[in-house]
Amino acid sequence: MAEEDALESQTVTERDSPSSIGVITHMSTLGFLPSVPALISDKATVHGEVDHRCLLSIMGDRGSHITSLAVLGDYLYAGIGMTNAVGVSSDCIRVWHKTTLKESVGLGAGYASVKALIVGGDRILSAHQDHKIRIWSKVRKPSITISPGLKQVSDSDCQARQDALRRDDIKHELLICMPTVKDYIKSYIAPRNYVEVRRHCKRLWIEHVDAISMLAIGGSTDDPILYSASWDRTIKVWKLSGWKCVESFRAHDDAINALLVGPDGFLYTASSDTKVKEWERSGTSDKDGQQFMHNGKATDKKHVLVSILEAHKAPVNTLSLIKGTNDKDFSLYSAGCDKGIVVWEREGCTKQMVARHVLRGHLKAVLCLARTGNILCSGSADRTIRIWQRTVRETGGGSSHCCVAVLHGHSGPVRCLALSSTVEDDCLLYSSSLDNQLKVWKLSDLTKDEKGNSARMQPVASLVALRRFSSI
Numbered sequence: 001m002a003e004e005d006a007l008e009s010q011t012v013t014e015r016d017s018p019s020s021i022g023v024i025t026h027m028s029t030l031g032f033l034p035s036v037p038a039l040i041s042d043k044a045t046v047h048g049e050v051d052h053r054c055l056l057s058i059m060g061d062r063g064s065h066i067t068s069l070a071v072l073g074d075y076l077y078a079g080i081g082m083t084n085a086v087g088v089s090s091d092c093i094r095v096w097h098k099t100t101l102k103e104s105v106g107l108g109a110g111y112a113s114v115k116a117l118i119v120g121g122d123r124i125l126s127a128h129q130d131h132k133i134r135i136w137s138k139v140r141k142p143s144i145t146i147s148p149g150l151k152q153v154s155d156s157d158c159q160a161r162q163d164a165l166r167r168d169d170i171k172h173e174l175l176i177c178m179p180t181v182k183d184y185i186k187s188y189i190a191p192r193n194y195v196e197v198r199r200h201c202k203r204l205w206i207e208h209v210d211a212i213s214m215l216a217i218g219g220s221t222d223d224p225i226l227y228s229a230s231w232d233r234t235i236k237v238w239k240l241s242g243w244k245c246v247e248s249f250r251a252h253d254d255a256i257n258a259l260l261v262g263p264d265g266f267l268y269t270a271s272s273d274t275k276v277k278e279w280e281r282s283g284t285s286d287k288d289g290q291q292f293m294h295n296g297k298a299t300d301k302k303h304v305l306v307s308i309l310e311a312h313k314a315p316v317n318t319l320s321l322i323k324g325t326n327d328k329d330f331s332l333y334s335a336g337c338d339k340g341i342v343v344w345e346r347e348g349c350t351k352q353m354v355a356r357h358v359l360r361g362h363l364k365a366v367l368c369l370a371r372t373g374n375i376l377c378s379g380s381a382d383r384t385i386r387i388w389q390r391t392v393r394e395t396g397g398g399s400s401h402c403c404v405a406v407l408h409g410h411s412g413p414v415r416c417l418a419l420s421s422t423v424e425d426d427c428l429l430y431s432s433s434l435d436n437q438l439k440v441w442k443l444s445d446l447t448k449d450e451k452g453n454s455a456r457m458q459p460v461a462s463l464v465a466l467r468r469f470s471s472i
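If you want it as structure tokens, here you go:
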């Protein structure tokens with residue numbers, strides 16, 4: 001409740017939604033420039049309203065809230081922020097079927113609460129309150145067979161068997177927890193492996209000392225790496241083929257809230273210091289792996305700072321991007337407590353990231369972003385979700401954006417979003433809020449691009465070959 005009160009404390013007057021039924025309000029198309037103040041509000045010209053687009057709504061347990069959402073296959077995964085009561089062991093990751101929201105068997109019972117959740121190939125990666133990263137895999141449950149010679153059994157046994165047969169045949173197993181015990185044992189003796197995190201306090205460089213806020217997958221299929229961002233202001237790089245931390249660097253002057261890997265291979269980070277930073281991974285190294293090359297010069301860093309993107313006046317909370325026709329044609333989105341969504345694109349001649357637009361309309365801080373195809377969704381502390389559409393200009397290059405819908409229904413700040421495509425070419429939007437509700441929205445008319453093509457979800461490449469995984 002303290003977190004919700006803090007987000008609601010901003011002095012902005014807002015008209016509450018008249019009911020808990022989801023409403024999509026179609027808005028007029030507006031253009032935005034970085035120097036132009038807010039041009040769009042809930043009082044903008046309304047072209048029409050469509051009711052009952054919120055298909056399903058689930059009320060969560062009191063005292064816990066969803067911190068992250070991810071879709072893998074036919075299932076929706078939700079990271080839980082806190083336990084229901086002290087001493088009660090519950091799943092820290094809950095699982096539902098993505099279309100029916102029928103709850104399946106969860107995972108992570110007894111582990112610390114989840115701060116971040118992402119999908120990589122057919123794996124689930126979670127970051128926890130205990131500063132650990134865990135990787136999970138789906139496995140099939142053994143089939144239940146009835147012996148031909150089985151004689152009469154009691155009604156209770158039959159009911160138990162029927163219940164077991166009706167359950168999903170999917171369960172999850174923990175593959176690895178990072179940093180591993182092996183890494184701790186190898187690192188704790190040598191003094192050079194310790195770094196000063198605050199005055200008179202040193203910790204191993206391979207571990208985070210504050211909450212892990214976000215995870216992202218980079219590298220290549222042959223050499224996948226995992227990035228973890230933390231409120232301790234550092235980024236750690238994990239080599240997934242060996243389950244070990246290979247690099248740690250301080251990226252910002254305040255808590256890091258978001259990061260993602262672009263299609264061009266660059267790493268983008270966002271922080272409460274109001275900055276977005278662009279990092280490049282050095283491509284070559286010598287035989288012992290210690291000396292890296294950047295722009296033809298030797299460096300001891302594997303990731304080097306390329307540029308600092310400054311347009312926000314308040315902490316940046318989230319990042320997202322929409323790809324164009326090639327890896328260099330994309331729009332980067334950053335949003336934060338200044339209520340705006342800044343659109344970054346590469347300058348034609350210099351190839352530097354520059355702020356092209358500011359998407360305004362939210363009345364309070366923007367907390368989360370999600371995208372599919374040319375559609376961007378934003379969730380805010382003003383309790384609404386806005387749907388933005390990106391259109392590529394035919395002449396002059398670049399892109400334009402417009403707000404095509406506003407979703408009402410939550411009674412608290414919208415904390416996280418996730419998107420999934422359906423077999424009917426529709427798009428399902430999942431939203432969770434500090435009101436403890438999980439909602440499913442159907443966005444049927446918004447997943448078409450300007451040529452009428454359906455927007456398809458782009459699967460994340462598998463982390464590593466299956467043979468490289470082993471249980472701990």
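Just so we're aligned: the sequence shown equals residues 1 to 472 in the UniProt record's numbering.
Virtual Cβ for every residue (Gly too), placed ideally from N, Cα, C.
Report the partner residues of residue i according to the DSSP bridge assignment.
i, result
"F249", "I235"
"K138", "H172"
"residue 479", "Since the first and last residues shown for the chain are 1 and 472, residue 479 lies out of range."
"P413", "In the DSSP output, where bridge partners are listed per residue, P413 has none listed."
"Y268", "L260, E278"
"S320", "Y333"
"T391", "S400"
"C427", "S421, L443"
"W243", "Beta-bridge pairing links W243 to no other residue."
Checking 8 Å against the spacing of the C-beta atoms, do residue i and residue j come in under that value?
i, j, result
"L369", "S378", "yes"
"A70", "A405", "no"
"S334", "L319", "yes"
"L309", "K275", "yes"
"D61", "H97", "no"
"L332", "I58", "no"
"L175", "Y227", "no"
"L434", "G412", "yes"
"R390", "L376", "yes"
"G81", "S104", "no"
"I387", "S431", "no"
Within a Cβ cutoff of 6 Å, which residues of the same chain sit near residue i, ignoring the five residues on either side of it in sequence?
i, result
"A127", "K115, A116, I133, I212, L215"
"C337", "A314, P315, A365"
"V392", "S399"
"A311", "V342, A355"
"L443", "C427, L429"
"A38", "For A38, the pLDDT reaches just 38, beneath the cut-off of 50, and the residue's location in the model is therefore unreliable, although a value from the coordinates is still provided. If we look at A38 and ignore the five residues flanking it on each side, its Cβ neighbours are R360."
"R281", "H303"
"G340", "V358, R360"
"H362", "K339, S380, D382"
"D254", "S271, S272, D273"
"A258", "M214, A270, T318, L319"
"L56", "L101, V440"
"D155", "With a pLDDT of only 45 at D155, under the threshold of 50, the placement of this residue in the model should not be trusted; the figure read from the coordinates follows. Nothing meets the Cβ criterion."
"D210", "S230, W231, D232"
"G108", "D91, C92, I93"
"E347", "V354"
"E394", "none"
"C416", "S68, L69, C368, S432"
Looking at the secondary structure, which residues open and close the alpha helix (DSSP H) in which residue i lies?
i, result
"K182", "181-187"
Please check if any C-beta of chain B sits within less than 8 Å of the C-beta of residue i.
i, result
"H200", "Absent from the structure: chain B. Only one protein chain is present."
Note the first and the last residue of the continuous beta strand (DSSP E) segment covering residue i.
i, result
"Y75", "75-80"
"F330", "330-336"
"V343", "341-346"
"R360", "R360 -> no beta strand (DSSP E), and no H or E assigned at all."
"L55", "54-59"
"L434", "Note, L434: premise wrong, no beta strand (DSSP E); not H, not E."
"L72", "66-72"
"I206", "Here I206 belongs to no beta strand (DSSP E), and DSSP marks it neither H nor E."
"V119", "114-120"
For the ligand SAH, is there any heavy atom lying closer than 7 Å to the beta carbon of residue i?
i, result
"N374", "The model on display carries no ligand, and the ligand SAH is accordingly not part of it."
Starting from the C-beta of residue i, find all residues in its chain whose C-beta is less than 7 Å away, skip the five residues before and the five after it, and write them out in chain order.
i, result
"F330", "G262, P263, L321, I322, K323, G324"
"K451", "For K451, the predicted model reports a pLDDT of 49, less than 50, meaning its position is unreliable; a value from the coordinates is still stated below. Nothing meets the Cβ criterion."
"R123", "I135, W136, S137, L463"
"residue 480", "Examination of residue 480 is not possible in this model, given that the chain is present from 1 through 472 alone."
"G106", "D91, I93, R94, V95"
Here's a check: name, in chain order, each residue in its chain whose Cβ is nearer than 8 Å to the Cβ of residue i, leaving out the five neighbours to either side.
i, result
"D157", "Because D157 carries a pLDDT of 48, less than 50, the predicted location of this residue cannot be relied on, and the following value inherits that uncertainty. No residues qualify anywhere along the chain."
"K102", "W96"
"V139", "I170, K171, H172, E173"
"T234", "H208, S248, F249, R250, A251, I256"
"R203", "Y194, V195, V197, V209"
"K244", "M178, P179, T180, D183, I206, W238"
"Q129", "A112, S113, V114, K115, A211"
"V414", "L367, C368, G379, S380, A381, R383, T384, I385, S431, S432, S433"
Counting only runs that start and end within the UniProt repeat "WD" (359-389), where is the beta strand (DSSP E) found for 3 or more residues in a row?
Segments of the beta strand (DSSP E) lying fully in the UniProt repeat "WD" (359-389): 366-372, 375-380.
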